[in-house]
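Colleague:
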Amino acid sequence: MYISYNNISPKSKSWIYILSKNIDKNILLDLNAFLIKICEDWKSHGQTTKASYVISNNRFIILFAEDKNLISGCSIDKSNKELRKKLNQLKIDLLPNSKIGIFKEDKIEFFKKIDLINLIKNKKILLSQNMINTTINNKESFEKKWVLPLKNSWITKFL
30 MYISYNNISP KSKSWIYILS KNIDKNILLD LNAFLIKICE DWKSHGQTTK ASYVISNNRF
90 IILFAEDKNL ISGCSIDKSN KELRKKLNQL KIDLLPNSKI GIFKEDKIEF FKKIDLINLI
150 KNKKILLSQN MINTTINNKE SFEKKWVLPL KNSWITKFL
């Protein structure tokens, strides 16, 4: 059952999808309608599940589902399959979640972990720059830690 993002529980589980390109207004309208439908139809163990979503920075889709009935693997697989099918129709690929989004001026650039570590060590990327934190696992962490300076992130363990 779709509910607005503002009304979904802070403990709702999250799933992150990184889009291969920015989405424009026309695709955004189509994608919003589609994501509402995914949320409307979300069931787990035969029970209606409260679900919502956010499209962030025109590059990320984050699905949220309340897990009072424990979210089943089958329901997650179903939403993944439907979303991938829709994105294929829109000619949008998904990037692996291992890619790390770094803000460079007003754009987000994506890097492999090892490449990012080397860029930081060579001072081509600064620890003061912001990153997208794809390790969030619920709405509460999304709201608090979605964008954070590299110096406050997990990447510092590798420097």
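Take 30 as the starting number for the sequence shown in my numbering and just add one per residue.
Don't be surprised by glycine CBs; every beta carbon is placed ideally from N, CA and C.
Keep in mind it's a predicted model, so treat the numbers as computed, not measured.
Is the beta carbon of residue 177 closer than 8 angstroms to that of residue 158?
Modeller: Sequence index remark: in the sequence shown, residue 158 carries index 129 (1-based). Sequence index remark: in the sequence shown, residue 177 carries index 148 (1-based). No.
Colleague: Please state whether DSSP places residue 102 in a helix, a strand or coil.
Modeller: Within the sequence shown, the letter at position 73 stands for residue 102. DSSP places residue 102 in helix when its eight states are reduced to three.
Colleague: Note down, in chain order, each residue of its chain lying with its Cβ closer than 8 angstroms to the Cβ of residue 125, except the 5 sequence neighbours on either side.
Modeller: The residue given as residue 125 occupies position 96 in the sequence shown. Here the set comprises 47.
Colleague: By a C-beta neighbour count over all protein chains shown, 10 Å radius and 16 as the cutoff for buried, is residue 30 buried or exposed?
Modeller: Counting from 1 along the sequence shown, the entry for residue 30 is found at position 1. With fewer than 16 other Cβ atoms within 10 Å, it is exposed.
Colleague: When the Cα atoms are used, what is the spatial distance from residue 140 to residue 188?
Modeller: For the purposes of this step, residue 140 is taken as the residue at position 111 of the sequence shown. For the purposes of this step, residue 188 is taken as the residue at position 159 of the sequence shown. Cα to Cα, residue 140 sits roughly 16 angstroms from residue 188.
Colleague: For residue 146, I'd like the list of residues in its chain whose CB is within less than 6 angstroms of its CB, leaving aside the five on either flank, ordered along the chain.
Modeller: Counting from 1 along the sequence shown, the entry for residue 146 is found at position 117. Around residue 146: 187.
Colleague: Judging by CA-CA distance, which residue of 78, 116, 82 and 114 is the nearest neighbour of residue 101?
Modeller: Residue mapping note: residue 101 aligns to position 72 of the sequence shown, counting from 1. The option with the nearest alpha carbon to residue 101 is 78.
Colleague: Could you pull out every residue in the same chain whose Cβ sits closer than 7 angstroms to the Cβ of residue 83, ignoring the five residues on either side in sequence?
Modeller: Here residue 83 corresponds to residue number 54 of the sequence shown, with the count starting at 1. Only 34 and 91 meet the Cβ criterion.
Colleague: Let me check understanding here. Comparing Cα to Cα, which of 95, 40, 53 and 88 lies closest to residue 32?
Modeller: To locate residue 32, count along the sequence shown from 1; it is residue 3. It is 95 whose Cα lies nearest to the Cα of residue 32.
Colleague: How many Å lie between residue 57 and residue 160 at the Cα?
Modeller: Against the sequence shown, residue 57 aligns to sequence position 28. Against the sequence shown, residue 160 aligns to sequence position 131. Each residue's Cα considered, the two are about 23 angstroms apart.
Colleague: Alpha carbon to alpha carbon, what distance is there between residue 45 and residue 164?
Modeller: Position 135 of the sequence shown, counting from 1, holds the residue named residue 164. Position 16 of the sequence shown, counting from 1, holds the residue named residue 45. Roughly 9 angstroms between the two C-alpha positions.
Colleague: Going by alpha carbons, who is nearest to residue 121 out of 59, 103 and 41?
Modeller: As a first step, residue 121 is located in the sequence shown; it is residue number 92 there, counting from the start. Taking only the C-alpha atoms, the option nearest residue 121 is 59.
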